[in-house]
């Protein structure tokens, strides 16, 4: 049977693998050889699920968005990852990886973060487990995500601003890998998405698969069947999307539509639409689709959303898009903000800018009245309030200027 999951060599089709400096070979090999055995241990599973339930607050609700459903003439369910402890899906992976790090005898944790949600989740579990935590964050993101920076510091993490490149997620990951190269024996790198060298894409997807496991159970209760007609999510690196589709990836009854960040537009030069613009290359230890010049230099991405501002994509998503298993739409900043405002006014839920890109799919695609559509609302919008306020003020100024002409 054809599968879109990782093979025994760490590849999804032609994508994946582990392209790493020699100094990290031993650490990555140890992780590769240990992760499945540890994840399947009954003691690990018990502690993991106890923490997901009693600490993170799972299961997250599957909410029928009635007014949104009426407008788009289908049945829309929101998987409420925004209601988890720390405000997003990132806590699922962070809990799993901190337990894995402890089992492997690591004493120091590093992480990269863009929007800050993974940084906050990593700092949170390090506080819980009394472990040292260093979070690398692009200086651009430090400025636009001040609330999350303050949270990380309050939790005891050291936040290191990165000033190379365009000072966003890619650059934060670069610095985290440099740190890992200098401290391979004591350090576990909690990668926040389905990117990086094998086994990280599979490891993160497995830890996030709790999302689709819960969707199966919740749909059975609500719809008397355990699968939707459509699954929707946003993709930057791709962890919330991977968790949302994990149990359904080989189920042809379920259509998958994902939203990546078009920024100011695919052809604007200010975009992070990797599936649309990328070619095969290697970034952060993995062969995947990558925004790059003809001679292989990484092109700087742009998105209003710090969590989607990445020039690559997880190898699982690269393969699924190339094989036609998923449909990927490039959503602009303007479309995402409009979708966020609509959800806020119609359902009383303020979404993260990342999730807003997925919400914008509804204005691009038509669904049938009988379709059951599940959208992963990956995070809440607290961290993005300054951006939302600024965009609304700019919009009002433009309207006011037009009226005065």
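In my numbering, the protein residues as written are 446 to 850.
The beta carbon of each residue, even a glycine, is placed where N, CA and C say it ideally should be.
| query | result |
| --- | --- |
| CA-CA distance, residue 480 and residue 453? | 13 Å |
| Under 8 Å, with one C-beta from each stretch per pair, do the stretch 579-595 and the stretch 667-677 reach the 3-pair mark? | no |
| Taking its Cβ as the centre, do 16 or more other Cβ atoms sit within 10 Å of residue 589, making it buried, or is it exposed? | buried |
| Sorted by chain position, which residues of the same chain lie with C-beta nearer than 6 Å to residue 583's C-beta, five sequence neighbours on each side aside? | 607, 612, 613, 616, 617 |
| Compute the beta-carbon to beta-carbon distance between residue 580 and residue 556, rounded to the nearest angstrom, for a pair I have assumed lies under 8 Å. | 5 Å |
| Please report how far the alpha carbon of residue 833 lies from the alpha carbon of residue 603, in whole angstroms. | 28 Å |
| Are residue 856 and residue 526 closer than 7 Å when you measure CB to CB? | It is not possible to answer for residue 856, since the shown part of the chain is limited to 446 through 850. |
| Which partner residues does residue 692 have in the DSSP bridge list? | The partner list for residue 692 (beta bridge, DSSP) is empty, contrary to what the question assumes. |
| Could you give the first and the last residue of the continuous beta strand (DSSP E) run that contains residue 742? | Where residue 742 is concerned, there is no enclosing beta strand (DSSP E), given that its DSSP letter is neither H nor E. |
| One question on the structure: do residue 773 and residue 674 come within less than 7 Å of each other, judged by their Cβ atoms? | no |
| Using C-beta distances below 7 Å, list every residue in its chain close to residue 683, excluding the 5 sequence neighbours before and after it, in chain order. | 638, 639, 758, 759, 761, 762 |
| Nearest to residue 739 by CA position, among 752, 731, 733, 725, is which residue? | 725 |
| Three-state secondary structure (DSSP) at residue 807? | helix |
| Residue range of the beta strand (DSSP E) that residue 544 falls in? | Here residue 544 belongs to no beta strand (DSSP E); instead the alpha helix (DSSP H) covers 535-548. |
| Which word fits residue 755, buried or exposed, when buried means at least 16 other C-beta atoms lie within 10 angstroms of its C-beta? | buried |
| For the beta strand (DSSP E) containing residue 582, list its first residue and its last residue. | 577-583 |
| Could you give the residue range of the alpha helix (DSSP H) that holds residue 564? | 562-574 |
| If I follow the unbroken beta strand (DSSP E) through residue 613, where does it start and stop? | Neither: residue 613 is in no beta strand (DSSP E) and is coded neither H nor E. |
| Determine the closest residue to residue 745 out of 451, 577, 707, with distance taken between C-alpha atoms. | 707 |
| Please list the segments of the alpha helix (DSSP H) lying wholly inside the stretch 637-675, counting only runs of 4 or more residues, in order along the chain. | 645-653, 655-668 |
| Just to confirm, are residue 690 and residue 676 a CB contact at a threshold of 7 Å? | yes |
| Can you grab the Cα-Cα spacing for the pair residue 734 / residue 796, in whole Å? | 28 Å |
| Considering only the beta carbon of each residue, do residue 633 and residue 551 sit closer than 7 Å? | yes |
| Just to confirm my understanding: we take residue 859, look at its own chain, exclude 5 residues before and 5 after, and list those with CB closer than 6 Å. What are they? | The chain is shown only over 446 to 850; residue 859 falls outside these bounds and no answer can be derived. |
| Quick check: the Cα distance between residue 630 and residue 714, rounded to an integer number of angstroms? | 41 Å |
| Rounded C-beta distance between residue 465 and residue 730? I'm assuming under 8 Å. | 5 Å |
| Quick check on this structure: which residue in 537, 697, 565, 849 has the alpha carbon closest to the alpha carbon of residue 600? | 565 |
| According to DSSP, is residue 842 helix, strand or coil? | helix |
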